[in-house]
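Once you know that position 226 of the sequence shown is 245 in our numbering, the rest is easy, because the numbers rise by one and skip nothing.
Input: a single structure, listed below in structure tokens.
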Amino acid sequence: MVPSILYKYTTHATAGAIIESGRLRWSSPNLFNDLAEFQRMPRFEPSLTEATSKLPTILVEAATGQRTLDHDRLSPQTQLLIQLVQMLLQAGITASDIIESLQNDQPDADQKMDEMLRAHMASLDLARARVLCLTSDPENEVMWGTYADSHAGCALGFTHIPELSTPLQEARQVQYTEQAPVVGSGIDFLLYGDTSELRARTHQAICYTKKVPWSYEKEWRVVTWRWEERDSDVGHYKFYPKELVSVTFGARASADGISQIRRLLGANYPHVTLFRIVQKGEHLQRIKDDA
């Protein structure tokens, strides 16, 4: 479930530009700090190499009723193979001979799948991808230091409005894994083929997973493609004033900077709640700004 509010850490200047223009910057993954963005291809467990060696036995077991498969979901190729095995068995060919004849070890099967996925992503043209990155945590000390001008910037809080079909209702949580994510079983892929469910899991794995060192970001993101935008790796898209619900000033935000943001909020954002970050010993705390 998407959190009710997601936050965008920015410098003071960027916060002012966002509020004044009513636009948010959506960037191509080509511009991200993490060079592995959209480059981590998912894997199968068991792998395709393992599954290929096991497939002949599975087909024989299915043909003889020793293994139950979801026949309605089997790929046309698998259905034909099972029928062929049944015909061979009826012709007196032994199960062991059938298994041996069907063996087709492919030690590079997983590498080929990886190459196919990379070619597919390349065909989509990442320069045309547009990603809005936010976080669920407005008190993240590292984020304040990294993305908010060493605590002098702001964190803008945005909400999704279902009746207006705003993009944030499509936000998905980024998953952090040390190894490339598993999207399914290699055996299921060989049996049932390239299903819509597998494609959805593959898209999720490529676009919404990162390595564990980035987990501090607690990121949520929205991903889309703008095929017509070929002159830039970024797009600046309008949001409804009601989507902006809070502004949090960093612990080092200047008095002049805060006053400027207050003026920019003006009549278009009277509903926005203001907060500020204060330092409590070694920790940061977010409190309401009643000034």
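Even for Gly, the Cβ is constructed at its ideal location relative to N, Cα and C.
For residue i, which residues of its own chain have a beta-carbon under 6 Å away from its beta-carbon, when the five flanking residues on both sides are left out?
{"i": "Y166", "result": "Y28"}
{"i": "Q105", "result": "A82"}
{"i": "K237", "result": "T154, S155 and D156"}
{"i": "L74", "result": "L209"}
{"i": "L303", "result": "E158, E160 and I296"}
{"i": "T221", "result": "P61 and V202"}
{"i": "L217", "result": "G203"}
{"i": "S120", "result": "none"}
Pull up the DSSP beta-bridge partners for residue i, would you.
{"i": "C152", "result": "R240"}
{"i": "I296", "result": "R305"}
{"i": "R137", "result": "Partner(s): none; R137 has no beta bridge."}
{"i": "A174", "result": "Y28 and T267"}
{"i": "N228", "result": "Contrary to the premise, residue 228 reads as Thr rather than Asn in this sequence. Its beta-bridge partners are Q194."}
{"i": "H255", "result": "R44"}
{"i": "R62", "result": "V201"}
Drop a sphere of 10 angstroms on the beta-carbon of residue i, count the other beta-carbons inside from all chains shown, and report buried for 16 or more, exposed for fewer.
{"i": "R295", "result": "buried"}
{"i": "A141", "result": "exposed"}
{"i": "G276", "result": "buried"}
{"i": "T292", "result": "exposed"}
{"i": "E56", "result": "buried"}
{"i": "A274", "result": "exposed"}
{"i": "P126", "result": "exposed"}
{"i": "D129", "result": "buried"}
{"i": "D306", "result": "Inspection of the sequence shows that residue 306 is occupied by Ile rather than by Asp. That one is exposed."}
{"i": "R62", "result": "buried"}
{"i": "M135", "result": "exposed"}
{"i": "I225", "result": "buried"}
{"i": "L99", "result": "exposed"}
{"i": "D168", "result": "buried"}
{"i": "M20", "result": "exposed"}
{"i": "L70", "result": "For the sequence presented, residue 70 should be read as Ala rather than Leu. Label assigned to A70: buried."}
Counting only the same chain and skipping the five closest in sequence on each side, list residues whose C-beta sits under 8 Å from that of residue i.
{"i": "L283", "result": "G35, I38 and E39"}
{"i": "I280", "result": "H31, A34, G35, I38, C173, V266 and F268"}
{"i": "E197", "result": "K230 and V231"}
{"i": "T76", "result": "I118"}
Considering only their Cβ atoms, is the gap separating residue j from residue i smaller than 8 Å?
{"i": "V79", "j": "I117", "result": "yes"}
{"i": "E64", "j": "V201", "result": "yes"}
{"i": "R44", "j": "V253", "result": "yes"}
{"i": "L210", "j": "S94", "result": "yes"}
{"i": "L146", "j": "M60", "result": "The residue you asked about is not Leu; residue 146 is Ala in the sequence shown. No, Cβ-Cβ distance for A146 and M60 is not below 8 Å."}
{"i": "Y235", "j": "N159", "result": "yes"}
{"i": "E247", "j": "I180", "result": "no"}
{"i": "Y320", "j": "R191", "result": "No information on residue 320 is available, as it lies outside the stretch 20 to 310 that the chain covers here."}
{"i": "A148", "j": "S47", "result": "yes"}
{"i": "W233", "j": "D53", "result": "yes"}
Between residue i and the rest of its own chain, which residues show a CB-CB distance below 7 Å, the 5 nearest in sequence each way excluded?
{"i": "G41", "result": "K257, F258 and P260"}
{"i": "G164", "result": "H170"}
{"i": "R10", "result": "This structure gives no information on residue 10, because the portion of the chain shown stretches from 20 to 310."}
{"i": "S23", "result": "T178"}
{"i": "R313", "result": "An answer regarding residue 313 cannot be provided, because it is not within the stretch 20 to 310 covered by the chain."}
Cβ pair count under 8 Å reaching 3, the region 177 to 189 against the region 270 to 290:
no
For the region 156 to 173 against the region 258 to 277, do three or more pairs of beta-carbon atoms, one drawn from each stretch, fall closer than 8 Å, so that the two count as touching?
yes
Across the region 147 to 154 and the region 236 to 251, are there enough close Cβ pairs to call them in contact, namely three or more that are closer than 8 Å?
yes
Pairs of beta-carbons, one from the region 203 to 216 and one from the region 58 to 74, closer than 8 Å: are there three or more?
yes
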